Every structure is written in C-alpha cells, then in structure tokens.
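Colleague: Let me give you the structure first, and then I'll get to my questions.
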Amino acid sequence: MKHKRFSEEQIIGVLKEHEAGGRVDELCRRHGVSTATFYTWRKKYAGMEASDAKRLRELEAENAKLKRIVADQMLDMSAMKELLGKHW
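See the structure below:
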C-alpha cells in the first residue's frame, strides 16, 4: 500500500490557504506537491472540514468491508450452483 505523506487534515489546511487567497503554484512549492496533486485534492476535498474528511475515510473503509462480504457471498453462491448443477 502506498504511504501517504499528508493527512486529510493537512490537505484541507492547504486547500483553506488557497481559499484564503494563496496562489496555487506558490502553495505547491511550499508544501512540496505538484499542481496536479493539488487539483486532485481540490476535486476530492473541496468544501470539507476535518470532521467531514474523517467521516469520508470511515465510510470508505466500511464500503470496502461490505464489498468484500458481497464478493465472498457471490463465491459461495457460485460454488453451490456448480455443485447442485452436477448430475450424479
């Protein structure tokens, strides 16, 4: 898994600096990120507060857990169908 250099709170802080009038190229240089990264952050975290970002992270984790459960159930169902479809 890729290591993140910035937490959601730090990213939101950078975006707040931009909203306060900071220039994108100067913010990127100061924080050591590319402009593409900045715009990706802006697309994902625009208008969020730190608590919203925490909730988003929790929901993403819950969604991943539910997707794993569904995938496991689909595997079980397909195995049962295959077993029941065989003629003895």
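For the sequence shown, our numbering begins at 99 and goes up steadily by one.
Even glycine gets a Cβ: it sits at the ideal position worked out from N, Cα and C.
Since the model is a prediction, treat every value here as computed from it, not as a measurement.
With a threshold of 16 other CB atoms inside 10 Å of the CB of I167, please say whether the residue is buried or exposed.
Modeller: The count along the sequence shown starts at 1 and reaches residue 167 at position 69. Exposed, because fewer than 16 other Cβ atoms sit within 10 Å of the Cβ of I167.
Colleague: Please state whether DSSP places K102 in a helix, a strand or coil.
Modeller: In the sequence shown, counting from the first residue as 1, residue 102 sits at position 4. DSSP places K102 in coil when its eight states are reduced to three.
Colleague: Going by the beta-carbon positions, is the gap between E106 and A159 smaller than 8 Å?
Modeller: For the purposes of this step, residue 106 is taken as residue 8 along the sequence shown, with counting starting at 1. For the purposes of this step, residue 159 is taken as residue 61 along the sequence shown, with counting starting at 1. No.
Colleague: Taking the alpha carbon of Q108 as the reference point, which residue from K179, G183 and H129 has its own alpha carbon closest?
Modeller: On the sequence shown, residue 108 is found 10 positions in, with the first residue counted as 1. Answer by Cα proximity: H129.
Colleague: As a quick exercise: from L154, S149, S132 and R121, pick the residue whose alpha carbon is nearest that of K142.
Modeller: Taking the first residue of the sequence shown as 1, we reach residue 142 at position 44. Of the listed residues, the one whose Cα sits closest to K142 is L154.
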